[in-house]
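A.B. asks: Read left to right, the sequence shown gives residues 1 to 310 (the UniProt record's numbering).
All C-beta atoms in this analysis are idealised placements derived from N, C-alpha and C, irrespective of residue type, glycine included.
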Amino acid sequence: MSKAKVAILGSGNIGTDLMIKIMRQSRHLEMGVMVGVDPASDGLARAARLKVATTHDGIDGLVKMPEWADIQVVFDATSAYAHKRHHEICVAAGKKLIDLTPAAIGPHTVPVVNLERNLDEANVNMVTCGGQATIPMVYAVRRVSEAVPYAEIVASVSSKSAGPGTRANIDEFTETTARAIETVGGAAKGKAIIILNPAEPPMIMRDTVYVLAQGTDQAKVEASVEAMVKDVQTYVPGYRLKQKVQFEHIGGNAPLKIPGYGTFTGLKVSIFLEVEGAAHYLPAYAGNLDIMTSAAMATADRWAGRKTNG
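1) For the putative contact between V74 and A7, defined by C-beta atoms under 8 Å, what is the C-beta separation to the nearest angstrom?
2) Determine the closest residue to E121 out of G131, M34, E175 and V91, with distance taken between C-alpha atoms.
3) Span of the beta strand (DSSP E) holding T208?
4) Leaving out the 5 sequence neighbours to the left and right, which residues in its chain are closer than 7 Å to M31 when beta-carbon positions are compared?
5) Mind pulling the alpha helix (DSSP H) runs of 4 or more residues that sit fully within the UniProt domain "Semialdehyde dehydrogenase NAD-binding" (5-121)?
6) Report the rounded CA-to-CA distance for A93 versus K257, giving the unit in angstroms.
7) Using 8 Å as the Cβ pair cut-off and three pairs as the minimum, do the stretch 130-144 and the stretch 57-77 touch?
8) How long is the line joining the alpha carbons of V33 and R49, rounded to whole angstroms?
9) Is it true that the stretch 220-227 meets the stretch 295-307, where meeting means three or more beta-carbon pairs spaced less than 8 Å apart?
10) Output the distance between the C-alpha atoms of Q236 and T183, rounded to the nearest integer angstrom.
11) Quick check on the burial criterion: 16 or more other C-beta atoms within 10 angstroms. Buried or exposed for I291?
12) With 16 other CB atoms within 10 Å as the buried threshold, where does G215 fall?
13) Tell me the rounded alpha-carbon separation between A180 and A104.
14) For the candidate residues P259, I204, T208 and I195, whose alpha-carbon lies nearest to that of A284?
15) Within the same chain, show all residues whose beta-carbon is closer than 7 Å to that of S158, passing over the 5 residues directly before and after it, in chain order.
16) Excluding the 5 residues flanking P164 on each side, which residues of the same chain have their C-beta closer than 8 Å to its C-beta?
17) Does the distance from the C-beta atom of L289 to that of L282 stay below 7 Å?
18) Could you check where the alpha helix (DSSP H) with E146 kicks off and where it finishes?
19) Compare the beta carbon distance of V144 and V221 with 7 Å and say whether it is the shorter of the two.
20) Could you check how far apart the C-beta atoms of R27 and D217 are, in whole angstroms? I think they sit under 8 Å.
21) What's the C-alpha gap between H56 and T308?
22) Buried or exposed: E276, going by 16 or more other Cβ atoms within 10 Å of its Cβ?
23) With a CB to CB cut of under 7 Å and the five nearest residues on each side skipped, what residues in its chain are close to R117?
24) DSSP puts G262 in a beta bridge; with which residues?
25) How many angstroms separate the CA atom of Y81 from the CA atom of K191?
26) I need the straight-line Cα distance from H83 to I250, nearest angstrom please.
27) On the premise that G266 lies in contact with L212, defined as a C-beta separation below 8 Å, what is that separation, rounded to the nearest angstrom?
28) Between which two residues does the beta strand (DSSP E) holding A192 run?
29) Once you ignore the five residues that flank G10 on each side, which residues in its own chain have a CB closer than 6 Å to its CB?
30) Using 8 Å for Cβ pairs, my map puts residue 326 next to G43. What's the rounded Cβ distance?
31) Taking just the CA atoms, how far does D70 sit from T208?
32) Give the straight-line distance between the Cα atoms of G61 and T174, rounded to the nearest whole angstrom.
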């Protein structure tokens, strides 16, 4: 069975981890080219050692390579700014584009929530690492509630796991994640916060999700959250609840005031997550890399597998 050849734009932490995942685990994908702009990057050096074709001339170098003709899927692990041009070139050439930047030109995609709906899009956006970790939880609450007026997430990651691309995209991270909490997670209003923690030894990725829900009960929410955790674990085994889901009933005698919404009464749901990485490239503390690259590979694998099987 032939596999779909892929190119990865970006030879930093995310691109290198993705390359190793594809080579070790993918059922329907095959590495074609690793693309960077720094000839001294570790990602390009590793690719060369693994007998993967490389270029340090960015996408301009890629399109000049003979391998370009056989590439079916392009993963973009560069920056939101660079992705705009990459989108134009790849879509015009008929390549499937999986966007791991916060550019969000294509629809926000979280595999366990809306993969099938977006699979045929030319460009799909993988939101952010914080979005991939937390949006499934927001959606898990929303699907058993009449309404979710507000959801807020706090993603804490080790500073060592955040490369220059991630650091350059902090504003885009918060904006893109907040939008996806609404468009994918189903909250009327979303907010996202990221913390780069310099602690030594490096901390594992931790995520806190606060959801205000109406028209539901604790048992339904708890069951939905636990089922969703199992679904995410099918492609991110290190994804888990840090403790049991916490609940607080907000009554009419002391309603919450939400800017832009008004007063809230109902159920406040607090979900605490931990994401341990598979340590394919960076150590296990870099769960933020792992969930992002795992989601991207799962998306492309599903697309390529369906294409191969008709």
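C.D. replies: According to the data block:
1) As a working note, residue 74 is residue 74 in the sequence shown. As a working note, residue 7 is residue 7 in the sequence shown. That belief holds up - the Cβ atoms of V74 and A7 are roughly 5 Å apart, short of 8 Å.
2) Working through the sequence shown from its first residue, we reach residue 121 at position 121. Closest in alpha carbon position to E121, among G131, M34, E175 and V91, is V91.
3) Along the sequence shown, one-based indexing puts residue 208 at 208. M205 to Q214 is the span of the beta strand (DSSP E), which, as asked, contains T208.
4) Position 31 of the sequence shown, counted from the start, is the residue given in the question as residue 31. Answer for M31: V6, M19, I22, M23 and V52, listed in chain order.
5) 13-25, 42-49, 58-64, 80-92 and 111-118
6) The sequence position of residue 93 within the sequence shown is 93, counting from 1. The sequence position of residue 257 within the sequence shown is 257, counting from 1. The alpha-carbon atoms of A93 and K257 are separated by roughly 50 Å.
7) no
8) Taking the sequence shown and counting its residues from 1, one reaches residue 33 at position 33. Taking the sequence shown and counting its residues from 1, one reaches residue 49 at position 49. Whole-angstrom Cα-Cα distance: 13 Å.
9) No: fewer than three Cβ pairs fall under 8 Å.
10) Taking the sequence shown and counting its residues from 1, one reaches residue 236 at position 236. Taking the sequence shown and counting its residues from 1, one reaches residue 183 at position 183. Before going further, note that residue 236 is Val rather than Gln in the sequence given. So the two alpha carbons sit approximately 23 Å from each other.
11) Translated into the one-based positions of the sequence shown, residue 291 becomes position 291. Burial call: buried.
12) Working through the sequence shown from its first residue, we reach residue 215 at position 215. The residue in question, G215, is exposed, as its Cβ has fewer than 16 Cβ neighbours within 10 Å.
13) Taking the first residue of the sequence shown as 1, we reach residue 180 at position 180. Taking the first residue of the sequence shown as 1, we reach residue 104 at position 104. Computed Cα separation, rounded: 10 Å.
14) Here residue 284 corresponds to residue number 284 of the sequence shown, with the count starting at 1. The residue with the shortest Cα to Cα distance from A284 is I204.
15) If you number the sequence shown from 1, residue 158 lands on position 158. N197, P202, M203, Y285 and A286, listed in sequence order.
16) In the sequence shown, residue 164 corresponds to position 164, counting from 1. Excluding sequence neighbours, P164 sits near G12.
17) In the sequence shown, residue 289 corresponds to position 289, counting from 1. In the sequence shown, residue 282 corresponds to position 282, counting from 1. Yes.
18) For this step, residue 146 is matched to residue 146 along the sequence shown. Looking at the DSSP string, E146 is not in any alpha helix (DSSP H), and its letter there is neither H nor E.
19) For the purposes of this step, residue 144 is identified with residue 144 of the sequence shown, where counting begins at 1. For the purposes of this step, residue 221 is identified with residue 221 of the sequence shown, where counting begins at 1. Taking C-beta atoms as the reference points, V144 and V221 count as a pair closer than 7 Å.
20) Position 27 of the sequence shown, counted from the first residue, corresponds to residue 27. Position 217 of the sequence shown, counted from the first residue, corresponds to residue 217. Incorrect: roughly 40 Å between the Cβ atoms, too far for contact.
21) Mapped onto the sequence shown, residue 56 falls at position 56. Mapped onto the sequence shown, residue 308 falls at position 308. Rounded to the nearest angstrom, the two C-alpha atoms are 31 Å apart.
22) As a first step, residue 276 must be located in the sequence shown, where it is residue number 276. Label assigned to E276: buried.
23) What you label residue 117 is simply residue 117 of the sequence shown in a count that begins at 1. If we look at R117 and ignore the five residues flanking it on each side, it has no Cβ neighbours.
24) Position 262 of the sequence shown, counted from the start, is the residue given in the question as residue 262. I258, per the DSSP bridge assignment.
25) Counting from 1 along the sequence shown, the entry for residue 81 is found at position 81. Counting from 1 along the sequence shown, the entry for residue 191 is found at position 191. The alpha-carbon atoms of Y81 and K191 are separated by roughly 22 Å.
26) Here residue 83 refers to the residue found at position 83 of the sequence shown. Here residue 250 refers to the residue found at position 250 of the sequence shown. Whole-angstrom Cα-Cα distance: 43 Å.
27) Indexing the sequence shown from 1 puts residue 212 at position 212. Indexing the sequence shown from 1 puts residue 266 at position 266. Yes, L212 and G266 are in contact; Cβ-Cβ is about 6 Å, under 8 Å.
28) Translated into positions along the sequence shown, residue 192 becomes position 192. Where A192 is concerned, the enclosing beta strand (DSSP E) stretches over K189 to N197.
29) Walking along the sequence shown from the start, residue 10 turns up at place 10. Once the five neighbours on either side are set aside, the close Cβ partners of G10 are A77 and T78.
30) The structure shown has nothing for residue 326, since the chain only spans 1 to 310.
31) Here residue 208 refers to the residue found at position 208 of the sequence shown. Here residue 70 refers to the residue found at position 70 of the sequence shown. Approximately 42 Å, taken between the alpha carbons.
32) Along the sequence shown, read from residue 1 onward, the residue named residue 61 stands at position 61. Along the sequence shown, read from residue 1 onward, the residue named residue 174 stands at position 174. Each residue's alpha carbon lies about 32 Å from the other.
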